[in-house]
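S.K.: The structure that follows is given in the form of C-alpha cells.
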Amino acid sequence: MLLVGIIVAVLIIGAVVVLGMGASNTADSVAEKTENTVAPIATTQSETMDEAAPENVIEVEGGSFYFKPNEIRVKAGETVTIKLNSADMMHDFVIDELDVRTEIVQGGSSGSVTFTPTEPGEYEFYCSVSNHRAQGMVGTLIVEEYTLVE
C-alpha cells in the first residue's frame, strides 16, 4: 500500500515539475522546482512510517500438551505474526475471540498466522486438535494499550 502511495506521489511530482517548467529549460529552474516539490512529500512519508506500529513475529513451540511460551504480550494496534513450531505431533494455535487460527501443523513443521488485535484485554489461546486443550495446551495473549513514543 505504501508503494502505491509512493508511485502516485512520484507521478504527481513529475506532472507538477513538467507543468511548472513551462518554456524554461535552465538547470537552475529545474533543480529549484524539484527541490521545493519533493521536500513536503518526504516529511509526510517519514511521519506516516513513525506512526505505524511495528510488526512483531513471535515464535511459539507446541509440544505434548504445552505451549512455550504460554503467555504472550502485545500492543493493541500492533501487527502480530504467531509462528507455531510443532515439536512432536499435530498442533494448531487458536484464539476464538480474535478469529485467529493457524492451519494444523505436523510434528517437526511450522505454520503461522498474522493478525492485528485492536482491543486491550486477555485472550485464551489453545490447540484445537483432539483433546489437547482439555489436557492443558492453553495459554494467554495479553493485549496492552498501545502508546506512541515520540
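Here the UniProt record's numbering is used: the first residue of the sequence shown is 1, the next is one more, and so on. We put the beta carbon where it would ideally sit given N, CA and C, even for glycine.
Relative to the C-alpha of Lys83, which residue among Asn56, Leu148, Asn131 is closest?
M.R.: Asn56
S.K.: Cβ of Phe125 within 9 angstroms of Cβ of Gly111?
M.R.: no
S.K.: Helix, strand or coil for Glu144 per DSSP?
M.R.: The three-state secondary structure of Glu144, taken from DSSP, is strand.
S.K.: Do you know how far the Cα of Phe65 is from the Cα of Gln135?
M.R.: The alpha-carbon atoms of Gln135 and Phe65 are separated by roughly 6 angstroms.
S.K.: From Val74 to Val60, what distance separates their C-alpha atoms?
M.R.: 14 angstroms
S.K.: Answer with buried or exposed for Gly62, where buried requires no fewer than 16 other C-beta atoms within 10 angstroms of its C-beta.
M.R.: buried
S.K.: Near Gly77, what residues of its chain come up, given a Cβ to Cβ distance below 7 angstroms and the 5 sequence neighbours on each side ignored?
M.R.: Once the five neighbours on either side are set aside, the close Cβ partners of Gly77 are Ala53, Thr116, Thr118, Tyr146.
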